[in-house]
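Read through the structure below, which is laid out as C-alpha cells, and then see the notes.
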Amino acid sequence: MDTTESPEGEWVRPFAVTGGRAIIEQDLLLETIISGSNGRGDDDFAASLDPETRAVYHHVSRTSLSLAELSAQLRLPLGVVRVLVDDLSRAGRVRVHPNAQGRERDPQVYLRVINGLKRKLEEDRASHAI
85 MDTTESPEGE
95 WVRPFAVTGG
105 RAIIEQDLLL
115 ETIISGSNGR
125 GDDDFAASLD
135 PETRAVYHHV
145 SRTSLSLAEL
155 SAQLRLPLGV
165 VRVLVDDLSR
175 AGRVRVHPNA
185 QGRERDPQVY
195 LRVINGLKRK
205 LEEDRASHAI
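Under the numbering used here, think of the first position of the sequence shown as 85, with each following residue one higher.
Below you can see the structure in the form of C-alpha cells.
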C-alpha cells in the first residue's frame with residue numbers, strides 16, 4: 085500500500101493528495117529548480133491550500149530547491165510533488181526554472197549505456213570463468 089505522511093502527521097494515499105491526477109503539463113525532471121514566484125509567500129493564498137500544497141508553497145517561497153530536494157525534505161512522493169508544483173506553477177505562484185540543457189532525450193545515449201553495461205557483464209563473466 086502506497087501512503088504518505090502529510091505535513092500534519094496523518095497518513096494519506098498519494099492519489100488523494102493530487103485529486104487522482106498524475107499527468108502534468110511540464111517536463112519536471114529530478115533536477116528541475118523550483119522557487120517562489122516573488123521571493124515571499126502570500127499567507128492569504130497559502131491559507132486556501134491543502135496541507136501538502138501549502139508545505140510545497142512555503143518551502144519554495146523561502147529558497148530555491150530541485151524537485152528531488154523538495155520531495156525529500158517534505159517526505160512526499162516525487163510524483164505527488166510534481167503534480168503540486170505543476171498546479172502552483174500554472175497558478176503563477178511558483179517559478180519552474182528551465183533545465184540547464186533543455187534536455188532532448190537522445191536515444192543514442194541510452195544505447196551507449198546499454199552497450200557499456202553489456203560489455204561490463206561479459207568482462208565479469210569472462211573473469212569468473214577462469
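Here a beta-carbon is modelled for each residue, glycine too, at the ideal position from N, C-alpha and C.
Opening and closing residue of the beta strand (DSSP E) in which residue i lies
i	result
Arg179	178-180
Ser173	Unbroken run through Ser173 is the alpha helix (DSSP H), 162-174; no beta strand (DSSP E).
Ser119	117-120
Euclidean distance between Cα positions of residue i and residue j
i	j	result
Tyr141	Asn183	20 angstroms
Val169	Ala213	51 angstroms
Met85	Asp128	A caution first: Met85 carries a pLDDT of 39, below 50, which makes its placement in the model unreliable, though a value can still be read off. Straight-line Cα distance between these residues: approximately 35 angstroms.
Ile117	Ile198	29 angstroms
Arg203	Gln157	38 angstroms
Arg166	Leu195	28 angstroms
Leu113	His143	18 angstroms
Arg209	Ala152	36 angstroms
Leu160	Leu205	36 angstroms
Contact test: residue i Cβ vs the ligand ATP heavy atom, cutoff 6 angstroms
i	result
Phe129	Here there are no bound small molecules, and the ligand ATP is not part of this structure.
First and last residue of the uninterrupted alpha helix (DSSP H) at residue i
i	result
Ser155	151-158
Pro131	Strictly speaking, residue 131 in this sequence is Ala, with Pro absent from that position. That run of the alpha helix (DSSP H) goes 127-131.
Thr137	135-146
CB contact flag (residue i, residue j, <7 angstroms)
i	j	result
Arg179	Ser121	yes
Ser148	Glu115	no
Leu162	Ser173	no
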